[in-house]
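>
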Amino acid sequence: MKKTNLSDHDPNKIPSGKGRTVGVVIAEWNSEITEAMGDGAIDTLKKYGAEVRTIHVPGSFELTTAADLMLCNDKKLDAVICIGCVIQGETRHFDFICEAVSQGLTNVALKHEKPVIFSVLTTNDMQQAKERSGGKHGNKGVEGAVTALKMMELQKTLESNS
Ligand code: RBF
């Protein structure tokens, strides 16, 4: 099957972000990676006309709480993109953080009935993370922004059918 690299997307196929407001939560752990992904996400959202609200949290584990708090406190938000980078270490911490964040963000999306995007790299090492934050595998922050734009459009379409 052909791989699709969303970092290299066709602008004509991306829904407009005009009139939409998107929260971006960036974890500070591995900030060299997460800031590059954050820049990619923010630039892409603005390029397609969305307004952006950005906040930072200490680590990926805190992304869930921050996304929930953002959606509770700002009713204008149409979606939240959560950006983190968890790198496999020598302990089981990696597994606990990845499991908690992926499950936590799913719960936040279902609770608020809004798109919550999982832009969290879970890599074996720093090299793999670099390759996915502006390297040979693109920038997963850009992909997160494209996914948010598509999911907001999908939500609008489904709600207008009901
Ligand atoms: N946060 C990350 O975003 N990426 C990591 O790779 C990461 N590794 C961690 C490893 C250990 C041993 C600990 C204690 C924390 C780590 N964190 C990491 C921070 C975590 O997401 C969270 O901020 C803290 O556990 C405090 O709740």
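Once you know that position 110 of the sequence shown is 103 in our numbering, the rest is easy, because the numbers rise by one and skip nothing.
Every residue gets a Cβ at the ideal spot worked out from N, C-alpha and C, and that includes glycine.
No experiment lies behind these values; they were computed from the predicted model shown.
(1) First and last residue of the beta strand (DSSP E) that includes Thr115?
(2) Report back the beta-carbon spacing between Cys65 and Val109 to the nearest angstrom; my notes put them in contact at under 8 Å.
(3) With a cut-off of 7 Å, give the chain-ordered residues whose Cβ is closer than this to any heavy atom of the ligand RBF.
(4) State the start and end residues of the unbroken beta strand (DSSP E) segment that holds Thr47.
(5) Candidates Thr150, Glu136, Leu151 and Leu147: which alpha carbon is nearest Pro4's?
(6) Entirely within the region 59 to 131 and at least 3 residues each: give me those beta strand (DSSP E) ranges in chain order.
(7) Should the region 31 to 50 be called in touch with the region 88 to 98, which here means at least 3 C-beta pairs below 8 Å?
(8) Can you tell me whether Thr84 is buried or exposed, with buried defined as 16 or more other CB within 10 angstroms of its CB?
(9) Pull up the DSSP beta-bridge partners for Gly33, would you.
(10) How many angstroms separate the CA atom of Lys39 from the CA atom of Gly127?
(11) How about the region 48 to 63 and the region 140 to 154: do they share at least three Cβ pairs that are nearer than 8 Å?
According to the data block:
(1) Element bounds for Thr115: Val109 to Thr116.
(2) Cys65 to Val109, Cβ: 13 Å. No contact.
(3) Taken from the N-terminal end onward, the list reads Ala20, Trp22, Asn23, Pro51, Gly52, Ser53, Phe54, Glu55, Gly77, Cys78, Val79, Ile80, Gly82, Thr84, His86, Phe87 and Ile90.
(4) Segment Glu44 to Val50, the beta strand (DSSP E) holding Thr47.
(5) Comparing Cα-Cα distances from Pro4 to each of Thr150, Glu136, Leu151 and Leu147, the minimum goes to Glu136.
(6) 72 to 80, 109 to 116 and 126 to 128, all fully within the region 59 to 131.
(7) Touching, no.
(8) Flag for Thr84 reads exposed.
(9) By DSSP's assignment, Gly33 forms no beta bridge with any residue.
(10) Those two C-alpha atoms are separated by around 18 Å.
(11) The region 48 to 63 vs the region 140 to 154: no contact.
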